[in-house]
Amino acid sequence: MYPVIDRKECSCCGRCVDVCPSDVFVLEDEVPQVVAPEECIECSACVDNCPSEAVTLHD
Ligand code: SF4
Ligand code: SF4
38 MYPVIDRKEC SCCGRCVDVC PSDVFVLEDE VPQVVAPEEC IECSACVDNC
88 PSEAVTLHD
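Note that the numbering used here has the sequence shown beginning at 38, numbered continuously upward.
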């Protein structure tokens with residue numbers, strides 16, 4: 038699985054970048070981007086820690 042960020046909901050807080058153990062996200066100009074979806078280990082930390090419910094995991 039890999040994460041998808043809903044741009045309409047994301048507040049660019051950066052928490053998903055901080056909590057991901059696999060460096061799936063990076064901040065580019067203060068906006069989180071999914072840069073390594075193949076590295077996702079499906080731990081759900083990004084989903085659980087997003088304050089805006091902006092991250093979902095997809096097959
Ligand atoms: S589920 Fe875990 S490994 Fe996958 S992107 Fe989210 S925090 Fe990273
Ligand atoms: S944790 Fe949620 S609101 Fe914060 S940057 Fe990531 S997707 Fe956006």
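Every residue gets a Cβ at the ideal spot worked out from N, C-alpha and C, and that includes glycine.
{"query": "Extent of the continuous beta strand (DSSP E) to which residue 68 belongs", "result": "68-71"}
{"query": "Where residue 74 sits in the DSSP three-state scheme", "result": "helix"}
{"query": "Own chain partners of residue 51 with C-beta closer than 7 Å, once the 5 adjacent residues on each side are dropped", "result": "64 and 69"}
{"query": "For residue 72, the nearest candidate out of 54, 92 and 61 (CA to CA)", "result": "61"}
{"query": "Alpha carbon of residue 46 to alpha carbon of residue 67, nearest angstrom", "result": "15 Å"}
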